[in-house]
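Each remark here refers to the structure printed beneath this line.
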Amino acid sequence: MLPSGFSGKVTHLNCQGSKSKYPTDVYDWLAAALLTLYVLFVMFASFYERMVLRNSSLKKISTVGKILEDFSFYKNWKRLMSIPTSPDHIKLRPLQGMRFYTMFCIVMSHTLLGIFSGPISNTRYTEDMTKKFLNMMVANGWYIVQSFFVISGFLTAYNFFDMKLKKKTLSNSFFPWAIFLRYIRIVPAMFVVMALHSTWLVHTFNGPYWDEFVGQEYRNCRNNWWANILLVNNHVNLPEICMQHSWYLSADMQIFILAMVVLFIIHKYPEKVLHIFGVVLGIGLIVPGIVAYIRKYDILYRQYPE
Numbered sequence: 001m002l003p004s005g006f007s008g009k010v011t012h013l014n015c016q017g018s019k020s021k022y023p024t025d026v027y028d029w030l031a032a033a034l035l036t037l038y039v040l041f042v043m044f045a046s047f048y049e050r051m052v053l054r055n056s057s058l059k060k061i062s063t064v065g066k067i068l069e070d071f072s073f074y075k076n077w078k079r080l081m082s083i084p085t086s087p088d089h090i091k092l093r094p095l096q097g098m099r100f101y102t103m104f105c106i107v108m109s110h111t112l113l114g115i116f117s118g119p120i121s122n123t124r125y126t127e128d129m130t131k132k133f134l135n136m137m138v139a140n141g142w143y144i145v146q147s148f149f150v151i152s153g154f155l156t157a158y159n160f161f162d163m164k165l166k167k168k169t170l171s172n173s174f175f176p177w178a179i180f181l182r183y184i185r186i187v188p189a190m191f192v193v194m195a196l197h198s199t200w201l202v203h204t205f206n207g208p209y210w211d212e213f214v215g216q217e218y219r220n221c222r223n224n225w226w227a228n229i230l231l232v233n234n235h236v237n238l239p240e241i242c243m244q245h246s247w248y249l250s251a252d253m254q255i256f257i258l259a260m261v262v263l264f265i266i267h268k269y270p271e272k273v274l275h276i277f278g279v280v281l282g283i284g285l286i287v288p289g290i291v292a293y294i295r296k297y298d299i300l301y302r303q304y305p306e
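Oh and the sequence shown: position 299 is 299 in the numbering used here, straight run, nothing missing.
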């Protein structure tokens with residue numbers, strides 16, 4: 001008991017030594033083997049593309065050659081660093097500026113707010129900071145993520161109507177195929193990062209708060225990796241979410257599926273497009289309001305002692 005009448009107790013005891021308390025297992029070595037094989041495959045594909053295809057007199061490249069060429073490091077680096085000059089890319093160039101400034105604000109906000117994820121001596125300061133106007137803009141900065149959803153939705157609709165104008169008719173298979181292609185673009189890269197989070201990342205370092213953050217991530221990904229693969233980790237086992245920052249990928253994929261449903265209805269009933277947009281807009285305004293009312297969400301983020 002403290003002199004002022006307050007008492008305290010240790011709720012979580014963590015002993016950190018020089019060695020990791022997580023021994024390497026079969027999953028660690030399996031992840032290492034798969035990543036090594038992938039790196040070797042990329043090296044072989046890069047060598048094949050540079051030495052064989054570029055110096056070959058073949059007029060037609062085989063299917064295997066095309067696949068290897070797509071995995072070439074040199075070709076993908078050149079594609080990544082190139083600036084598209086097509087008319088569509090030039091018209092949509094302002095979106096790149098929006099995306100840059102949005103990413104800048106998000107990185108800045110996470111950097112500032114990350115300071116308060118550890119022990120704080122002056123807790124009163126953290127409680128009062130969100131009461132100031134300028135600090136409110138940083139503390140509530142996650143609303144700026146909505147601009148990414150707006151850009152994604154705009155480009156989805158733009159590509160759909162552009163293809164509809166060019167091809168005049170679209171088959172029904174276009175919509176599930178678009179969902180499949182988006183899934184393939186997202187999940188393999190996320191799977192590699194998740195494999196590192198659930199295996200070797202926890203062994204790379206140690207420190208007072210290493211287990212508190214990285215160890216927790218290790219345990220979460222071991223238990224809930226399947227939710228990331230299915231892109232539902234923003235709804236399933238939220239207290240133990242694997243790769244918390246990947247919630248956006250799941251949300252974006254779910255909204256994309258809803259967008260495909262709406263565009264499919266427009267595809268079937270083009271004469272009622274204004275009515276369809278009106279209904280979707282109404283649902284988009286009403287449902288978040290109902291959820292916020294039922295769960296008693298605050299419109300602004302404010303720091304409380306609890």
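Virtual Cβ for every residue (Gly too), placed ideally from N, Cα, C.
Grouping DSSP H, G and I as helix and E and B as strand, with all else coil, what is residue i?
i, result
"Trp200", "coil"
"Lys272", "helix"
"Val280", "helix"
"Arg219", "helix"
"Lys307", "The shown model of the chain, from 1 to 306, leaves out residue 307, and the question about it has no answer."
"Leu170", "coil"
"Met243", "coil"
"Ile83", "coil"
"Asn159", "helix"
"Gly65", "helix"
"His235", "coil"
"Leu230", "coil"
"Thr24", "coil"
"Tyr38", "helix"
"Tyr209", "coil"
Would you mind giving the Cβ-Cβ distance between residue i and residue j, rounded to the nearest angstrom? I have them listed as a contact below 8 Å.
i, j, result
"Ile151", "Arg99", "6 Å"
"Thr102", "Ala259", "Not quite, the Cβ-Cβ distance comes to about 20 Å (not below 8 Å), so this is no contact."
"Ser246", "Met190", "6 Å"
"Ser46", "Tyr74", "6 Å"
"Thr199", "Tyr27", "6 Å"
"Arg182", "Met253", "7 Å"
"Pro288", "Gln16", "At roughly 43 Å, the Cβ-Cβ gap does not stay under 8 Å, so Pro288 and Gln16 are not in contact."
"Val138", "Leu112", "6 Å"
Should residue i be flagged as near chain D, meaning a C-beta pair shorter than 9 Å?
i, result
"Thr36", "Protein chains in the displayed structure number just one, and chain D is not present."
Suppose contacts are defined by Cβ-Cβ distances below 9 Å. Is residue i in contact with residue j by that definition?
i, j, result
"Phe154", "Leu238", "no"
"Ser72", "Glu49", "yes"
"Tyr269", "Phe148", "no"
"Met61", "Ser109", "The sequence given here has Ile at residue 61, not Met. Not a contact, by the Cβ cut-off of 9 Å."
"Leu68", "Phe104", "no"
"Leu263", "Phe160", "yes"
"Tyr22", "Val261", "no"
"Phe223", "Ser250", "The sequence given here places Asn at residue 223; Phe does not occur at that position. Cβ distance not < 9 Å, so Asn223 and Ser250 don't count as in contact."
"Ile328", "Ala292", "In this structure the chain extends from 1 to 306, so residue 328 is not present and cannot be described."
Would you check if the region 121–133 and the region 67–86 touch, i.e. whether three or more CB-CB distances between them fall below 8 Å?
no
The region 237–247 contacting the region 171–179, beta-carbon criterion three pairs below 8 Å
no
Three Cβ pairs or more, each shorter than 8 Å: is that satisfied between the region 229–238 and the region 202–213?
no
Could I get the ranges of all uninterrupted alpha helix (DSSP H) runs contained in the region 88–141, with 4 residues as the minimum, in chain order?
93–114, 123–129 and 133–139
Is the region 195–207 touching the region 32–46 in the sense that three or more CB pairs, one from each, lie closer than 8 Å?
yes
State whether the region 248–257 contacts the region 267–280, with contact taken as three or more CB pairs (one from each stretch) at a distance under 8 Å.
no
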